[in-house]
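S.K.: Protein chains in written order, with our numbering: chain A, 137 to 501; chain B, 137 to 501; chain C, 137 to 501.
We treat Cβ as the ideally placed atom computed from N, Cα and C, and that holds for glycine.
1) Span of the beta strand (DSSP E) holding residue 175 (chain C)?
2) Can you list, in chain order, the residues of its chain whose CB lies under 8 Å from that of residue 223 (chain C), leaving out five sequence neighbours each side?
3) Give, in chain order, every residue of the stretch 445-468 of chain B whose Cβ lies closer than 8 Å to some Cβ of chain A.
4) What first and last residue would you give for the beta strand (DSSP E) that runs through residue 425 (chain A)?
5) How is residue 419 (chain B) classed by DSSP in three states: helix, strand or coil?
6) Of all the residues that make up the stretch 185-216 of chain C, which are near chain A by a beta-carbon distance shorter than 9 Å?
7) Please state if the CB of residue 384 (chain B) and the CB of residue 346 (chain B) are separated by a distance shorter than 9 Å.
8) Whose C-beta lies closer than 7 Å to the C-beta of residue 364 (chain C) among residues of the same chain, with five residues either side of it excluded?
9) Closest to residue 276 (chain A) by CA distance: which of A:170, A:428, A:387, A:388 is it?
10) For residue 353 (chain A) and residue 470 (chain A), what's the separation of their Cα atoms in angstroms?
11) For residue 463 (chain A), tell me which candidate among A:193, A:493, A:307, A:321 has the shortest Cα-Cα distance.
12) If contact means a Cβ-Cβ distance below 7 Å, which residues of the stretch 316-327 of chain C contact chain B?
13) Using a Cβ-Cβ cutoff of 9 Å, what residues of the stretch 152-179 of chain B are near chain C? List them in chain order.
14) Establish whether the CB of residue 248 (chain B) and some CB of chain C are separated by less than 9 Å.
15) Would you tell me roughly how many angstroms separate the C-alpha atoms of residue 367 (chain A) and residue 441 (chain A), rounded to the nearest one?
16) Please name the residue or residues paired with residue 407 (chain B) in a DSSP beta bridge.
17) Is there a C-beta anywhere in chain B that falls below 9 Å from the one on residue 494 (chain A)?
18) Looking at the C-beta of residue 308 (chain A), does it have a partner C-beta in chain C at a distance below 9 Å?
19) Any C-beta of chain B sitting closer than 9 Å to the C-beta of residue 137 (chain A)?
20) Leaving aside the five residues before and after residue 268 (chain A) along the sequence, list all residues of the same chain whose C-beta is less than 6 Å from its C-beta, in chain order.
21) Exposed or buried, what is residue 480 (chain C) when buried is set at 16 or more other beta-carbons lying within 10 Å of its beta-carbon?
22) Would you say residue 334 (chain A) faces chain C, with C-beta separation under 9 Å as the test?
23) Please classify residue 297 (chain B): does DSSP put it in a helix, a strand, or coil?
24) Please decide whether residue 254 (chain A) counts as near chain B, where near means a Cβ-Cβ distance under 9 Å.
25) For a cutoff of 9 Å on Cβ pairs, would you count residue 360 (chain C) as touching chain B?
26) Taking 9 Å as the CB-CB limit, is residue 413 (chain A) close to chain B?
27) What does DSSP give as the partner residue(s) for residue 338 (chain A) in the beta ladder?
28) Below 9 Å on C-beta distance, what does residue 481 (chain B) contact in chain A?
29) For residue 275 (chain C), which three-state DSSP category applies?
30) Going by other Cβ atoms of all chains shown within 10 Å of its Cβ, with 16 needed for buried, is residue 411 (chain A) buried or exposed?
31) Kindly indicate if chain A contains any beta-carbon less than 9 Å away from that of residue 236 (chain B).
32) Relative to the alpha-carbon of residue 339 (chain A), which residue among A:158, A:300, A:196, A:485 has its alpha-carbon at the smallest distance?
33) Alpha carbon to alpha carbon, what distance is there between residue 380 (chain A) and residue 445 (chain A)?
34) Measuring alpha carbon to alpha carbon, tell me which of A:466, A:492, A:452 ends up nearest residue 211 (chain C).
35) Find the nearest neighbour of residue 391 (chain B) within the set B:179, B:293, B:153, judged by alpha-carbon distance.
36) So, does the CB of residue 146 (chain B) fall closer than 9 Å to a CB anywhere in chain A?
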């Protein structure tokens with residue numbers, strides 16, 4: 137074996153050892169955490185099946201407007217409750233007619249006087265926040281609040297929503313969002329401008345709170361069309377001040393502030409966009425990827441909402457397609473050959489994965 | 137954990153323990169048993185491949201009219217014999233030309249003077265009974281007779297046949313047939329009339345013979361069209377006397393007797409229908425579902441045969457579709473979450489599954 | 137159990153034991169060996185993905201015309217390099233822009249000053265030989281020369297090429313080629329003439345060199361059209377002298393010499409065809425099947441090239457289809473029922489598989 141090959145082997149071995157200390161595809165999901173179960177509109181009159189953290193659920197909304205999420209498997213003979221029918225706020229199983237309430241309790245069994253106490257399907261705590269409905273899949277009592285702050289659903293932040301079925305593990309999406317170097321490559325045709333990709337950045341790693349952020353200021357710069365048009369900064373020197381933050385296994389928030397440099401500082405309007413990237417594992421290889429995108433300027437202009445939505449989603453679709461290629465490559469590589477070599481630009485992503493593995497291991501003991 | 141959740145966990149644990157004493161998807165098939173290999177017409181001039189109990193077979197009929205079932209895998213290099221050609225009563229493998237007789241013996245090997253003694257594919261004992269051809273897959277000598285009685289193929293019982301490829305384990309079909317409570321739900325649109333579903337029933341559990349039956353008499357009642365039309369009991373008070381019996385892992389017979397209550401008892405004609413539901417496992421997740429349906433009245437009226445066939449098969453298709461949904465739900469549920477809670481109405485089905493597990497365990501020791 | 141059944145069981149057991157001494161589907165690939173990676177035209181300007189011996193590779197050709205084969209998985213985050221872009225002779229990963237040279241070394245990492253020494257993807261040695269590009273996947277230094285001799289690419293041997301994606305293990309193809317008895321059956325409609333199949337043959341087993349050959353001379357005979365037309369021996373008594381030789385896990389060469397018996401021996405022109413059957417395992421169940429077919433007569437006649445190509449490929453397609461049927465049958469047979477009984481005609485194939493298992497076991501210790 138040549139010296140180079142031997143060096144390569146040694147690096148691969150080190151990469152494998154380093155990878156063992158990070159959360160990855162094989163790591164169980166952190167269950168005690170709020171995840172987005174769906175948009176508000178996913179909870180309605182109809183019974184909607186959706187698998188979350190590997191568990192098949194049925195989603196609906198009761199007569200008082202409260203969202204409901206139950207295990208979709210009838211505990212009797214495993215019929216999907218989503219294929220049954222609603223009667224008022226209850227679900228009647230389409231096979232043998234077991235009736236379940238919003239809390240999952242079995243209320244009625246045809247042919248029996250009473251449904252024995254304790255029989256039922258699992259029900260899950262939900263929290264509605266503007267357009268988002270959060271779900272708590274863990275055994276511990278739910279945390280007080282989902283990880284997103286008050287701007288979600290706020291009238292001062294007009295917004296749009298998108299959903300992608302991502303054919304990849306959710307951690308690959310989180311790493312993607314904590315990394316700025318891919319903008320110039322995966323998003324060469326959309327919002328990756330060369331100077332932005334090469335600009336210095338800083339990292340904030342808050343292990344205590346489980347928050348990991350990447351910050352980058354580019355100034356002066358010329359904005360790409362997706363930002364230049366809505367801000368009115370086309371053809372003008374501008375500052376682009378971005379903070380991209382992992383706020384938990386289910387959410388990552390990108391905040392970008394824009395300033396026109398040709399105006400005095402005191403006259404520059406507060407122009408921000410916020411994008412919540414909401415990753416809900418479906419299985420280890422697939423993810424419900426919800427996006428909530430808002431801004432605090434040009435609030436009355438619906439065309440801007442539409443324009444930004446289209447532009448952004450074109451870029452996010454590139455992520456969705458790129459991450460699916462990664463997942464496919466991992467699946468077809470022999471297990472021994474799946475090691476990853478992390479770079480300086482992965483510092484935030486690697487810290488996040490190291491933190492997450494500790495959380496999962498802590499939750500299991 | 138709340139008291140309710142803890143109660144739910146305890147019930148799940150009890151359900152898992154109870155399930156371990158019942159035959160289920162993981163239980164090996166009972167091989168020493170007659171199963172339906174096909175309808176008479178499945179055995180003909182052509183070489184028909186069919187997998188039974190997980191084993192690929194080839195079916196045909198020899199020149200004297202005797203059905204033949206052989207292992208479909210040429211023992212030389214695994215070519216499917218069904219892709220070879222018939223020469224007289226023998227099969228010539230399409231790859232290297234090995235010739236096999238109806239008894240599976242290799243009769244000729246091109247390029248060799250003799251086929252060594254003992255080389256061959258396994259052949260399986262068959263019994264033809266009217267429209268059905270039964271197969272014995274076990275190592276023990278075949279039992280004397282298949283489980284169905286003389287009405288099958290009897291001229292006094294005009295009949296029709298159907299085949300469904302059921303995308304579910306065969307035990308789910310057997311349980312379905314031993315359960316009457318699903319009629320009002322899965323078959324709400326076909327033959328599940330409300331009074332019938334709510335009527336009391338009795339159960340006969342004959343562990344010694346391996347027979348498990350559910351009996352229900354509804355009287356007076358109004359028959360649903362599928363029965364009312366052919367019996368001439370439309371709009372009249374009638375009795376509907378049903379016996380639904382598991383007669384072995386391969387067969388379940390439903391017998392329904394109809395009486396018009398407005399006639400003196402001695403003037404009521406003997407009107408019965410018999411439906412044999414014949415479940416032949418293909419794999420653990422799929423089943424050959426043969427149906428043989430007969431009646432002993434209105435024997436000359438082919439339109440009635442056709443009418444009843446269509447009506448019944450519409451309902452059986454609901455079972456086929458419903459059981460496939462169950463199988464899919466089981467497949468996507470984590471193994472730990474697949475427990476089943478059995479109800480009072482499952483008494484016969486559970487007794488059958490308990491008996492079957494004992495048979496399989498007995499056969500293996 | 138009857139005496140016959142017991143005999144069958146004993147034979148099956150012996151077949152299982154014999155099979156354990158032969159290379160089969162479960163045997164790891166022999167890595168220290170030249171395999172065909174592709175035709176010359178597969179290496180070009182574009183980045184072509186191809187999986188070889190279970191490893192995803194990317195193939196291209198550099199500016200100096202040298203073919204390149206690299207691991208297709210970016211070692212950073214597993215993006216397929218074949219979805220990146222070329223810049224000169226380097227590949228730039230489409231995700232984060234890592235740049236790799238033809239030797240697999242990572243030359244540049246955006247956002248870092250230097251790419252650390254030793255980081256890179258594995259590169260594989262290649263040898264170009266006429267229309268073929270060979271690859272060395274092993275850890276040992278490459279053997280001097282690929283197994284085919286000088287006729288490949290020689291101007292005196294006009295040739296044609298074909299590729300099949302074979303849905304079967306590569307050993308099934310090698311056994312197929314070492315066996316002449318299947319010609320009359322699998323190729324009944326193409327080049328299997330009855331007298332040829334029944335003619336005697338001899339076998340050369342050279343364990344020391346790993347060469348296994350089957351030789352058959354049929355004389356006098358009438359040639360099938362595929363040979364009769366191009367040789368001008370239609371309707372004439374001819375000799376057909378064939379040597380079919382396994383020259384390594386990646387290649388099998390068939391040489392056929394034709395003579396017109398009605399001419400004096402000294403006036404008979406040298407008419408040979410050579411067909412290289414090149415088997416490159418993609419996975420354990422699929423194979424890249426390259427064919428290079430050449431002749432040393434009628435060299436100027438392109439119509440003969442075309443005619444022979446069409447005729448031969450029609451027959452090879454029968455192999456491809458037949459072997460896929462075998463693979464499918466193996467996959468659906470229970471593992472315990474997959475034993476193979478070998479015949480006298482398998483002598484060369486069995487010797488080859490026994491030799492190959494020893495090579496693989498030797499390579500692992």
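M.R.: In this structure, then:
1) The residue labelled residue 175 (chain C) in the question sits at position 39 within the third chain. Residues 170-175.
2) Here residue 223 (chain C) refers to the residue found at position 87 when the third chain is read from its first residue. Closer than 8 Å at Cβ, skipping near neighbours: 235.
3) 458, 461, 462, 464, 465, 466, 468
4) Your numbering for residue 425 (chain A) matches position 289 in the first chain. Element bounds for residue 425 (chain A): 423-431.
5) Along the second chain, one-based indexing puts residue 419 (chain B) at 283. Three-state result, residue 419 (chain B): coil.
6) 187, 190, 191, 192, 207, 208, 209, 210, 211, 212, 213, 214, 215, 216
7) Numbered from its first residue, the second chain carries residue 346 (chain B) at position 210. Numbered from its first residue, the second chain carries residue 384 (chain B) at position 248. In this structure, residue 384 (chain B) lies closer than 9 Å to residue 346 (chain B) by Cβ.
8) In the third chain, residue 364 (chain C) corresponds to position 228, counting from 1. Counting only Cβ-Cβ distances below 7 Å, and skipping sequence neighbours, we find 370.
9) One-based indexing of the first chain puts residue 276 (chain A) at position 140. It is A:170 whose Cα lies nearest to the Cα of residue 276 (chain A).
10) As a working mapping, residue 353 (chain A) is identified with position 217 in the first chain. As a working mapping, residue 470 (chain A) is identified with position 334 in the first chain. Going by the C-alpha atoms only, they are around 41 Å apart.
11) Within the first chain, the letter at position 327 stands for residue 463 (chain A). Checked all of A:193, A:493, A:307, A:321; the closest Cα to residue 463 (chain A) is A:307.
12) 317, 318, 320, 321, 322
13) none
14) Numbered from 1 along the second chain, position 112 holds the residue referred to as residue 248 (chain B). Yes, contact with chain C.
15) What you label residue 367 (chain A) is simply residue 231 of the first chain in a count that begins at 1. What you label residue 441 (chain A) is simply residue 305 of the first chain in a count that begins at 1. Taking the straight line joining both Cα atoms gives about 12 Å.
16) Taking the second chain and counting its residues from 1, one reaches residue 407 (chain B) at position 271. DSSP lists B:394 as partners of residue 407 (chain B).
17) Within the first chain, numbered from 1, the residue matching residue 494 (chain A) stands at position 358. Chain B, which has no Cβ nearer than 9 Å to the Cβ of residue 494 (chain A), makes this no.
18) For the purposes of this step, residue 308 (chain A) is taken as the residue at position 172 of the first chain. Output row for residue 308 (chain A): interface = yes.
19) Counting from one through the first chain, the residue named residue 137 (chain A) turns up at place 1. Legend: pLDDT at residue 137 (chain A) = 43, less than 50; position of this residue unreliable, value from coordinates given subsequently. With 9 Å as the cut-off, residue 137 (chain A) does not count as an interface residue toward chain B.
20) Position 132 of the first chain holds residue 268 (chain A). If we look at residue 268 (chain A) and ignore the five residues flanking it on each side, its Cβ neighbours are 172.
21) Within the third chain, the letter at position 344 stands for residue 480 (chain C). Label assigned to residue 480 (chain C): exposed.
22) In the first chain, counting from the first residue as 1, residue 334 (chain A) sits at position 198. Interface residue, yes.
23) Locating residue 297 (chain B) in the second chain gives position 161, where the first residue counts as 1. Here residue 297 (chain B) sits in strand by DSSP.
24) Position 118 of the first chain holds residue 254 (chain A). Taking Cβ atoms only, chain B reaches closer than 9 Å to residue 254 (chain A), which makes this a yes.
25) Residue numbering aside, residue 360 (chain C) sits at position 224 when the third chain is read from its first letter. Judged by the 9 Å Cβ criterion, residue 360 (chain C) is not in contact with chain B.
26) For this step, residue 413 (chain A) is matched to residue 277 along the first chain. So, not an interface residue.
27) If you number the first chain from 1, residue 338 (chain A) lands on position 202. DSSP, once it has assigned bridges, lists A:351 as partnering residue 338 (chain A).
28) For the purposes of this step, residue 481 (chain B) is taken as residue 345 along the second chain, with counting starting at 1. Per Cβ cutoff of 9 Å: 232, 245, 246, 247, 248.
29) Mapped onto the third chain, residue 275 (chain C) falls at position 139. Residue 275 (chain C): coil per DSSP, three-state reduction.
30) Position 275 of the first chain, counted from the first residue, corresponds to residue 411 (chain A). With 16 or more other Cβ atoms within 10 Å, it is buried.
31) Taking the second chain and counting its residues from 1, the one referred to as residue 236 (chain B) is at position 100. Not closer than 9 Å to any Cβ of chain A, the Cβ of residue 236 (chain B) fails to qualify, so no.
32) What you label residue 339 (chain A) is simply residue 203 of the first chain in a count that begins at 1. Nearest of A:158, A:300, A:196, A:485 to residue 339 (chain A), Cα basis: A:485.
33) Residue numbering aside, residue 445 (chain A) sits at position 309 when the first chain is read from its first letter. Residue numbering aside, residue 380 (chain A) sits at position 244 when the first chain is read from its first letter. The straight-line gap from Cα to Cα measures roughly 18 Å.
34) Sequence index remark: in the third chain, residue 211 (chain C) carries index 75 (1-based). It is A:466 whose Cα lies nearest to the Cα of residue 211 (chain C).
35) By one-based count along the second chain, residue 391 (chain B) stands at place 255. Ranking B:179, B:293, B:153 by Cα distance to residue 391 (chain B) puts B:293 first.
36) Counted from its first residue, the second chain places residue 146 (chain B) at position 10. It does; some Cβ of chain A falls within 9 Å.
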